[in-house]
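Chemist: Be aware that the sequence shown starts at 843, since it is given in the numbering used here, and climbs by one per residue.
Idealized CB from N, CA, C, for every residue including glycine.
Here the structure is a predicted model, which is why all the values come from computation and not from measurement.
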Amino acid sequence: MQLRFLGGTGTVTGSKVLVEHEGQRLLVDCGLFQGLKQLRLRNWSSLPVPASSIDAVVLTHAHIDHSGFLPRLVDLGFRGKVFATPATVELCQLLLPDAGHLQEEEARYANRHGFSKHAPALPLYTRDSALRALERLQVRNFDERFAPLAGFEVCFHHAGHILGAANVHLQCGARSVLFSGDLGRSDDLVMLPPSPPEGADCVLVESTYGNRSHSREDPLAKLADVVCRTASRGGVIVVPAFAVGRAQTLLHAIQQLKAVHRIPDLPVYLNSPMAADVTAIFRRHADEHRLSPDECRAMCAGMKIVNTEDESRALNRLHYPSIIVSASGMATGGRVVHHLKAFAPDARNAIVFAGFQAAGTRGAAMVGGATQVKIHGEWIAVRAEVSSLDGLSAHADREGLLAWIAALPRPPRHIYVTHGEPEAADALRQAIEERHRWPCSVPEYLEIANF
């Protein structure tokens, strides 16, 4: 068996691992690179193998950094099947067409306003490409073994993190490999904890928070403080949030705080119709999260779903305390960047981030204290209060990752630490080696491993 690391190395984005066995090729995850320009350019580059030579794809979950390259892969010639859990398939049916639409919109906006270096600016793929990719999706249930290809046996196990998120256990002949995917938390506000890991010869573990622990401060208390402080000075709270996972957690948190009068009863605008659709998916997959049917309904109580672009633009003229929850979570694109242009320059307002911010993203720059960020070719001053709620992150922290590794039923032959910034990945590698004395390494981009 051979592994080729095509993404998720030196970064938390672009997750792709190509598995080759007896002349067949299986791609585990098919994510977009995000953040730094040199990473984003990889989305436009040719793969080291022809897309047509990849026989099948298995997805750990639906987030764009794990699934968003699928339409591009199909455009490049992939004609195989894509296997995923039921909720992952449902979420991809929302996320991928939306990603294509956003790329078309951003290209049109760039061409109309002339800030792109390319003439004309082009989308990486279109909504139509995404719809063609969706035709390849195949549903497979958790804890049921299936054969995506002859000689390959796969089983999905719950990973927490978001709806549908899975560890992938892959057996090829006498060898096995376990992919952690993105691991959730044991104390997540909404999602259930990951299942115990299955034993394997080789383990790939994510390391998003491999070098740090989540704050022990109550995230709801911190959110309440920011909301109350901003409302008292007449400001607007803008919350960049991924439409899948973070948006629902934030809406649930806001509803909880309102119910016990810890924050004023401010108007809440969900500027992501897709996030509202995701909330309906929560009701259909109640076995994957902690929310009751009443809590699912309450999540959307008292909020306004913003559907049209005109309604979205109207939010930028708000002049009274309000909360706007809008995608994307790292402020890399989508409607939230227009809100940042409108509200970041005013010190009365607040920008609240509730998830990991990858290097090179606007979110990372703002959390890092940037006094200006570039949006649509223009430098925008950041005078608003910027706050980060890492206590609402959907990722396991250092202790959670190490606990998952420690629960392996037998020592693996090798552990590869992936999906992390360089310092985080190497810190987790060092901790695993010190605690377990197991062979462990951080793979490089395009590295090949045989075992």
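1) Applying the criterion that 16 or more other CB atoms from any shown protein chain within 10 Å of the CB defines a buried residue, is residue 1293 buried or exposed?
2) Kindly give me the distance between the Cβ atoms of residue 868 and residue 909, rounded to whole angstroms, as I take these residues to be in contact under 8 angstroms.
3) Which same chain residues end up closer than 8 angstroms to residue 1074 when comparing Cβ atoms and leaving out the 5 residues on each side of it in sequence?
4) Which residue or residues does DSSP assign as beta-bridge partners of residue 1230?
5) Quick check: the Cα distance between residue 1139 and residue 998, rounded to an integer number of angstroms?
6) State the DSSP-derived secondary structure class of residue 1222, mapped to helix, strand or coil.
7) Could you spell out where the alpha helix (DSSP H) holding residue 879 opens and where it closes?
8) What residue from 858, 844, 1118, 843 has the CA that sits closest to residue 1261's CA?
9) Which same chain residues, not among the five before or five after residue 893, have their C-beta less than 7 angstroms away from its C-beta?
10) Enumerate in chain order the residues of its own chain whose CB-to-CB distance from residue 989 is below 6 angstroms, with the five nearest sequence positions on each side excluded.
11) Taking the C-alpha atoms as reference points, what is the distance between residue 1014 and residue 1234?
12) When you compare only the Cα positions, how much space is there between residue 1287 and residue 1043?
13) How would you write the range of the alpha helix (DSSP H) that residue 971 sits in, first residue to last?
14) Using C-beta distances below 6 angstroms, list every residue in its chain close to residue 1045, excluding the 5 sequence neighbours before and after it, in chain order.
15) What span of residues does the alpha helix (DSSP H) with residue 1074 cover, start to end?
16) Here's the rule: buried if 16 or more other CB atoms are within 10 angstroms of the residue's CB, otherwise exposed. What is residue 981?
17) Looking only at DSSP bridge pairs, what is residue 1167 linked to?
18) Rounded to whole angstroms, what is the Cα-Cα separation between residue 880 and residue 1283?
19) Indicate the three-state DSSP secondary structure (helix, strand or coil) for residue 1100 in the structure shown.
20) Excluding sequence positions up to five away, which residues of its chain have a Cβ less than 6 angstroms from the Cβ of residue 1177?
21) Among 934, 1240, 952, whose alpha-carbon lies nearest the alpha-carbon of residue 1005?
22) Pairs of beta-carbons, one from the segment 1075-1084 and one from the segment 1177-1196, closer than 8 angstroms: are there three or more?
Modeler: Looking at the atomic coordinates:
1) Indexing the sequence shown from 1 puts residue 1293 at position 451. So residue 1293 counts as exposed.
2) Position 26 of the sequence shown holds residue 868. Position 67 of the sequence shown holds residue 909. With 8 angstroms as the limit, residue 868 and residue 909 do not qualify as a contact, their Cβ atoms being about 15 angstroms apart.
3) Against the sequence shown, residue 1074 aligns to sequence position 232. Excluding sequence neighbours, residue 1074 sits near nothing in its chain.
4) Stepping through the sequence shown from its first residue, residue 1230 is reached at position 388. Answer by DSSP bridge pairing, in chain order: 1195.
5) For the purposes of this step, residue 1139 is taken as the residue at position 297 of the sequence shown. For the purposes of this step, residue 998 is taken as the residue at position 156 of the sequence shown. Their backbone Cα atoms lie some 29 angstroms apart in a straight line.
6) By 1-based counting over the sequence shown, the position of residue 1222 is 380. DSSP places residue 1222 in the strand class (E or B) of the three-state scheme.
7) Here the question's residue 879 lines up with position 37 in the sequence shown. Start and end: 879-882.
8) The residue you call residue 1261 lines up with position 419 of the sequence shown. Answer by Cα proximity: 858.
9) Here residue 893 is taken as the residue at index 51 of the sequence shown, counted from 1. Cβ neighbours of residue 893 beyond the five flanking positions: 915, 918, 919, 920.
10) Stepping through the sequence shown from its first residue, residue 989 is reached at position 147. These residues qualify, in order along the chain: 995.
11) Stepping through the sequence shown from its first residue, residue 1014 is reached at position 172. Stepping through the sequence shown from its first residue, residue 1234 is reached at position 392. Taking the straight line from one Cα to the other gives about 37 angstroms.
12) On the sequence shown, position 445 is the one that residue 1287 refers to. On the sequence shown, position 201 is the one that residue 1043 refers to. Approximately 22 angstroms, taken between the alpha carbons.
13) Taking the first residue of the sequence shown as 1, we reach residue 971 at position 129. Run containing residue 971: 969-976, per the alpha helix (DSSP H) assignment.
14) Here residue 1045 corresponds to residue number 203 of the sequence shown, with the count starting at 1. The residues are 1020, 1254, 1257.
15) As a position in the sequence shown, residue 1074 is number 232, starting the count at 1. Unbroken alpha helix (DSSP H) run through residue 1074: 1061-1074.
16) If you number the sequence shown from 1, residue 981 lands on position 139. It is exposed - the Cβ of residue 981 has fewer than 16 other Cβ atoms within 10 Å.
17) Sequence index remark: in the sequence shown, residue 1167 carries index 325 (1-based). BP columns for residue 1167 point to 1081, 1112.
18) Against the sequence shown, residue 880 aligns to sequence position 38. Against the sequence shown, residue 1283 aligns to sequence position 441. Taking the straight line from one Cα to the other gives about 24 angstroms.
19) Taking the first residue of the sequence shown as position 1, residue 1100 is located at position 258. Reduced to three states, the DSSP call for residue 1100 is helix.
20) In the sequence shown, counting from the first residue as 1, residue 1177 sits at position 335. Once the five neighbours on either side are set aside, the close Cβ partners of residue 1177 are 1113, 1154, 1168.
21) Reading the sequence shown from its first residue, position 163 is the one you call residue 1005. The shortest C-alpha separation from residue 1005 is found at 934.
22) yes
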